[in-house]
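Asks: Please see the structure below; I have some questions.
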Amino acid sequence: MADLSLATKVLLLASRVCGGLSVLSCICTALEATTDWRLGKDTFVTRIQVALQPPIAIYSVATIFGTSLAPDAWLSFGNDATCNAQAFTMLFSICSGVLLDMSLSLCYLLRIKHGWTEEALRKIEPYFHLFVWPFTLV
Numbered sequence: 035m036a037d038l039s040l041a042t043k044v045l046l047l048a049s050r051v052c053g054g055l056s057v058l059s060c061i062c063t064a065l066e067a068t069t070d071w072r073l074g075k076d077t078f079v080t081r082i083q084v085a086l087q088p089p090i091a092i093y094s095v096a097t098i099f100g101t102s103l104a105p106d107a108w109l110s111f112g113n114d115a116t117c118n119a120q121a122f123t124m125l126f127s128i129c130s131g132v133l134l135d136m137s138l139s140l141c142y143l144l145r146i147k148h149g150w151t152e153e154a155l156r157k158i159e160p161y162f163h164l165f166v167w168p169f170t171l172v
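Residue 35 is where the sequence shown starts when you use our numbering, and the numbers rise one by one after that.
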């Protein structure tokens, strides 16, 4: 393994710090949505945003590990199996995050452009989840 420059090491560490901050923001968003739910102010959009937090948090945790799970990298302790596991979790979280974002965008489109009510959106909510999670695993 070649020696890395100071700038490269700083960039590797900075991405890990950003991953940690992202995990904190996921926790705060989930706590805020939970508070809305307890107060009876939850909406379809809130529930989709809550569903979006675990994939983002998983990706962020994988970012914190960075190249640590890869073999022969700077500050690494991993092997091929841990590298493959990290790649799977990152790919899974990216795909599910994009699809949940698409669901959220479709929700806004139906609500704003076509005037759908909260009740109508609640009826189609299960279909969003039935589409996102199996499609992500495939």
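Just so it is clear, CB atoms sit at the ideal spot from N, CA and C, and this is done for glycine as well.
Beta carbon of residue 57, beta carbon of residue 82: below 9 angstroms?
Replies: No, Cβ-Cβ distance for residue 57 and residue 82 is not below 9 angstroms.
Asks: Taking 9 angstroms as the cut-off, decide whether the C-beta atoms of residue 90 and residue 54 are in contact.
Replies: No, they are not a contact pair.
Asks: Just verifying my parser: in three-state terms, what is the DSSP assignment at residue 84?
Replies: Three-state DSSP puts residue 84 in a helix.
Asks: Buried or exposed: residue 61, going by 16 or more other Cβ atoms within 10 Å of its Cβ?
Replies: By the neighbour-count rule (16 or more Cβ atoms within 10 Å), residue 61 is not buried but exposed.
Asks: Excluding five sequence neighbours on each side, which residues of the same chain lie with their C-beta closer than 6 angstroms to the C-beta of residue 117?
Replies: Once the five neighbours on either side are set aside, the close Cβ partners of residue 117 are 103, 104.
Asks: Tell me, please, whether the CB atom of residue 71 is closer than 9 angstroms to any CB atom in chain D?
Replies: No chain D appears in the structure shown, which is made up of a single protein chain.
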